[in-house]
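Residue numbers (this note's numbering): 3 to 141. No residue lacks a Cβ here, since even glycine has one placed at the ideal position from N, Cα and C.
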């Protein structure tokens with residue numbers, strides 16, 4: 003059960019606390035792997051409401067389009083995507099998307115873990131973005 007909770011929380015401190023709280027509230031005795039599985043969806047949705055939504059408030063539309071494109075390109079089990087692919091997904095050449103990418107890095111929403119690659123800094127934000135609407139082409 004502890005391993006399942008740690009995997010779900012992905013090392014994010016708030017999510018560690020939330021998973022523990024929800025699992026404890028769900029159980030009648032000791033927390034089991036089934037308890038963690040039962041609260042996973044609620045934990046991810048709560049993370050979206052309490053962390054992702056406030057983090058995205060006030061983010062300009064061009065930056066949101068970039069984030070949504072990243073979310074659409076993110077494959078299960080992979081944390082990074084090609085910055086070139088993201089730029090193309092929003093109708094830009096890679097050098098035209100550099101400013102947008104840099105501003106999102108300054109906001110702490112994404113990082114560049116390797117050359118030509120970008121990733122989200124918050125767990126489950128890709129899922130949150132995909133659930134909130136579709137990206138739009140920016141000009």
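Inset, instruction - Have a look at 94, 90 and 84 and flag the residue whose alpha-carbon is nearest the alpha-carbon of residue 112. - result: 84
Inset, instruction - Find the nearest neighbour of residue 121 within the set 92, 88, 98 and 93, judged by alpha-carbon distance. - result: 88
Legend entry - Residues that residue 82 bridges to, as DSSP identifies them: 121
Legend entry - Pairwise C-alpha distance: residue 41 and residue 5: 15 Å
Inset, instruction - Ignore the nearest five residues each way along the sequence and tell me which others in residue 50's own chain have a CB closer than 6 Å to its CB. - result: 130
Legend entry - Sequence-distant residues of its chain with Cβ nearer than 7 Å to residue 65 (five each side left out): 102, 105 and 106
Legend entry - Exposure label - residue 2; buried when at least 16 CB within 10 Å: This structure cannot speak to residue 2, because the chain is shown only from 3 to 141.
Inset, instruction - Report all residues from its chain with a CB closer than 8 Å to the CB of residue 39; omit the five preceding and five following residues, and keep chain order. - result: 6
Inset, instruction - Would you kindly work out how many angstroms separate the C-alpha atoms of residue 31 and residue 125, rounded to a whole number? - result: 29 Å
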